[in-house]
Amino acid sequence: MNSTIENQLRSILDQYKTSFSEKIYREENEDFDVLMDVFAITPELKRENRQYWGSQLGRCWQLLVCKLFELCCEDFKPAMKIGSKEPCDCVVGKDAIDTKYRIGSGDQGTLENFQKNAEFFREQGLNPVLLIVSSARDKTR
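Residue numbers (our numbering): 1322 to 1462.
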């Protein structure tokens, strides 16, 4: 293999090796939130299948928020549809509300969609709102 090609490929691998070695998981893996508390899901259990728990808890969060707005707000509207996509989970008054259980640092595509959707909502005269579950519990408990 050409040494120039090999050096360039090695450089890419070295950059990722450095990035991976600097990644710290300890605090993220100990995250605990109110939904985990409701269902007695420990950080250890959640780590066994983060994708499953994130998906299930995210759907639960979405349903709770939307049902609360539906029951309490006269100006509630269900999720907007644009083709097959739903850029928000519900609309209350002038607020286009999207719920998220967790947003990770590697969710670049998701962040770009938020920006694109926010522009769309503003063009429609709506305020883009994200309701994100966050850890508010003392981790020493």
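The beta carbon of each residue, even a glycine, is placed where N, CA and C say it ideally should be.
Predicted model only: the values in this text are computed from it and were never measured.
Exercise for the section: Answer with buried or exposed for Asn1370, where buried requires no fewer than 16 other C-beta atoms within 10 angstroms of its C-beta. Expected result: exposed
Practice task
Pull up the distance between the alpha-carbon of Gln1429 and that of Leu1451, whole angstroms please.
Solution key: 16 Å
Practice task
Measure the CB-CB distance between Gln1383 and Asp1352 and report whether it falls below 9 Å.
Solution key: no
Exercise for the section: Evaluate Asn1438 with the Cβ neighbour count: other Cβ atoms within 10 Å of its Cβ, from every protein chain shown; 16 or more gives buried, anything less gives exposed. Expected result: buried
Problem - Status (buried if at least 16 other CB within 10 Å, exposed otherwise) for Thr1325 - result: exposed
Exercise for the section: Could you pull out every residue in the same chain whose Cβ sits closer than 7 Å to the Cβ of Glu1395, ignoring the five residues on either side in sequence? Expected result: none
Handout entry: N-terminal and C-terminal residue of the beta strand (DSSP E) that Val1413 is part of
Key = 1411 to 1413
Handout entry: Boundaries of the beta strand (DSSP E) in which Asp1419 is found, first to last residue
Key = 1416 to 1421
Practice task
Take every Cβ of the stretch 1414 to 1425, pair it with every Cβ of the stretch 1360 to 1379, and state whether three or more of those distances are shorter than 8 Å.
Solution key: yes
Practice task
Return the CA-CA distance between Pro1364 and Asn1323, expressed in angstroms with no decimal places.
Solution key: 48 Å
Handout entry: Own chain, CB closer than 6 Å to Glu1407, minus 5 neighbours either side, in chain order
Key = So the list reads Ala1400, once near-sequence residues are dropped.
Handout entry: Distance CB(Asp1416)-CB(Leu1447) smaller than 9 Å
Key = It is a contact, given that the beta carbons lie within the stated cut-off.
Problem - Cut-off 8 Å between Cβ atoms - residues of its own chain near Arg1443, not counting five sequence neighbours on either side - result: Pro1449
Problem - DSSP state of Val1454 mapped onto helix, strand, coil - result: coil
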